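Numbering (the numbering used here), first residue to last: 2 to 214.
Built from N, CA and C at the ideal position, the CB exists for glycine as well.
Source: prediction; values computed, not measured.
1) Buried or exposed for residue 125, please, with buried defined as at least 16 other CB atoms from any protein chain shown within 10 angstroms of its CB.
2) Select from 173, 112, 160 the residue whose C-alpha is nearest the C-alpha of residue 184.
3) For residue 193, which of helix, strand or coil comes out of DSSP?
4) Ends of the alpha helix (DSSP H) at residue 127?
5) What does the alpha-carbon distance come out to for the pair residue 191 and residue 45?
6) In terms of residues, what are the limits of the alpha helix (DSSP H) holding residue 95?
7) Over the uninterrupted alpha helix (DSSP H) stretch that includes residue 162, give me the two end residues.
8) Is it buried or exposed, residue 4, if we count other Cβ atoms within 10 angstroms and call 16 or more buried?
9) Does the count of Cβ pairs from the stretch 71 to 90 and the stretch 167 to 175 closer than 8 Å reach three?
10) With 16 as the cutoff for other CB atoms within 10 Å, does residue 61 come out buried or exposed?
11) Give a yes or no on whether the C-beta atoms belonging to residue 178 and residue 198 are separated by under 8 Å.
12) At the level of alpha carbons, what is the spacing between residue 139 and residue 161?
13) What do you reckon, are the CB atoms on residue 34 and residue 54 nearer than 8 Å?
14) If you reduce the DSSP assignment to three classes, tell me which class residue 48 lands in.
15) Can you confirm whether the stretch 21 to 28 touches the stretch 62 to 75 when touching is taken to mean that 3 or more C-beta pairs between the two stretches lie within less than 8 Å?
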């Protein structure tokens, strides 16, 4: 009897969730699974069982597993963009430390989502990879726009092709550093990782003196 009552209580709890809350719950489960397993090794049945919903309900929100994975990737992309948004009128160098602190706090506290986002690069589905590539491109544009709006960076912002390559390379560097950092035991202090990434970006975007390499 108690078990049936407990089941009815869980049903009522599920029914009280709004559509957005339920969707967010499912995406959080997906991030956890995709962070530790390849896309092809995660099943919709697993997700539904962990979330405590029927497979039919999961398909109601996401028509296919690829749609579900793409939504997980897009969710993490939006979150990273919000956390790393530039502050208008503040020089990039001044907000680099605080911006990296905020980003690394996200990486550490949402490690599963961060890993899941970057696992999308190896996904077999073109639509999933496209969502991932669009997320990286949005991060790149955000950094380039911040540099273009910074008077102190006028000397480097003019050389757009070189700057774009530098920023793209730095993003790849930072992803590798963060993934290695998450895998470390014991883990390197966050401020060490922040300073490493800051030096790498400043070195990448600073033109050589007198035109020499």
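So, from the listed chains and residues:
1) Here residue 125 refers to the residue found at position 124 of the chain shown. Exposed is the call here.
2) Residue 184 sits at position 183 when you count from the first residue of the chain shown. When each option's Cα is compared against that of residue 184, the closest is 112.
3) Position 192 of the chain shown, counted from the first residue, corresponds to residue 193. If DSSP states are grouped into helix, strand and coil, residue 193 belongs with the helices.
4) For the purposes of this step, residue 127 is identified with residue 126 of the chain shown, where counting begins at 1. Run containing residue 127: 127 to 149, per the alpha helix (DSSP H) assignment.
5) One-based indexing of the chain shown puts residue 191 at position 190. One-based indexing of the chain shown puts residue 45 at position 44. Each residue's Cα considered, the two are about 35 Å apart.
6) What you label residue 95 is simply residue 94 of the chain shown in a count that begins at 1. Here the alpha helix (DSSP H) through residue 95 covers 93 to 110.
7) Here residue 162 corresponds to residue number 161 of the chain shown, with the count starting at 1. Unbroken alpha helix (DSSP H) run through residue 162: 161 to 184.
8) Your numbering for residue 4 matches position 3 in the chain shown. Its pLDDT being 43, under 50, residue 4 is placed unreliably in this model, and the value from its coordinates should be taken loosely. Counting Cβ neighbours within 10 Å, residue 4 comes out exposed, since fewer than 16 surround it.
9) no
10) What you label residue 61 is simply residue 60 of the chain shown in a count that begins at 1. Exposed.
11) The count along the chain shown starts at 1 and reaches residue 178 at position 177. The count along the chain shown starts at 1 and reaches residue 198 at position 197. Yes; because the gap between Cβ atoms is below 8 Å, this pair is in contact.
12) In the chain shown, counting from the first residue as 1, residue 139 sits at position 138. In the chain shown, counting from the first residue as 1, residue 161 sits at position 160. About 16 Å.
13) Here residue 34 refers to the residue found at position 33 when the chain shown is read from its first residue. Here residue 54 refers to the residue found at position 53 when the chain shown is read from its first residue. Not in contact: residue 34 and residue 54 (Cβ atoms no closer than 8 Å).
14) Position 47 of the chain shown, counted from the start, is the residue given in the question as residue 48. Note: residue 48 maps to helix in three-state DSSP.
15) yes
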